[in-house]
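One structure is given here, and the rest of the page talks about it.
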Amino acid sequence: MGRMHSKGKGKSRSALPYKRSPPSWLKISSQEVNELIGKFAKKGLTPSQIGVLLRDSHGVAQVKSVTGSKILRILKGQGLAPEIPEDLYHLIKKAVSMRKHLEANRKDKDAKFHLILVESRIHRLARYYKKTKKLPPNWKYESATASALVA
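Next up, the structure:
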């Protein structure tokens, strides 16, 4: 599938290991990984940041192979999951910074055009998350209140 607002097809990606069991050299237990995930979430890290930190500092390549469930599911079980999904949060953050830029630079037509593209992505993603019940059905993106969502 191609990109939404650009030309690329985006086929290149890294492949997950075929073996779904944790590697033999990994000495950390499932319980310890769950505790680390909870600790990092309480510090305010997002699920992807937690995954990067576990990979780089603790040698946990795939949390799912060690614990049996993904980081976001573990966070939901502990009641620490973010209220809006991470990808939607980052799109809203981008739109807020673009609006701030446009307030200072009113004549920047290119930024205005790309803000429209970003906001259409937000609306499309919000529609998907409402359909899959990850967002409440009355949730609506409004540019006026968006800065409060990402603050």
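Numbering (this note's numbering), first residue to last: 51 to 201. Positions of the beta carbon are idealized from the N, C-alpha and C atoms, including for glycine. All of these numbers come straight from a predicted model, not from anything done at the bench.
Short check: CB of Ala-194 to CB of Ala-145, under 8 Å? No Cβ-Cβ contact shorter than 8 Å links Ala-194 with Ala-145.
Go through its chain and collect everything with a Cβ distance to Leu-175's Cβ below 6 Å, but skip five positions before and after it. Within the same chain, Leu-138 come within 6 Å of Leu-175 by CB-CB distance, once the 5 residues on both sides are set aside.
Rounded to whole angstroms, what is the Cα-Cα separation between Asp-66 and Arg-156? For clarity, residue 66 is Leu in the given sequence; the question names Asp instead. Approximately 46 Å between the Cα atoms of the pair.
Rounded straight-line distance, which links the Cα of Leu-141 to that of Ile-134: So the two alpha carbons sit approximately 11 Å from each other.
Roughly how many whole angstroms lie between the Cα atoms of Gln-128 and Glu-85? Cα to Cα, the separation comes out at about 10 Å.
Consult DSSP for Lys-89 and reduce its assignment to one of helix, strand or coil. Residue state, collapsed to three classes: helix.
At what residues does the alpha helix (DSSP H) containing Met-54 begin and finish? That residue, Met-54, is in no alpha helix (DSSP H); it is neither H nor E in DSSP.
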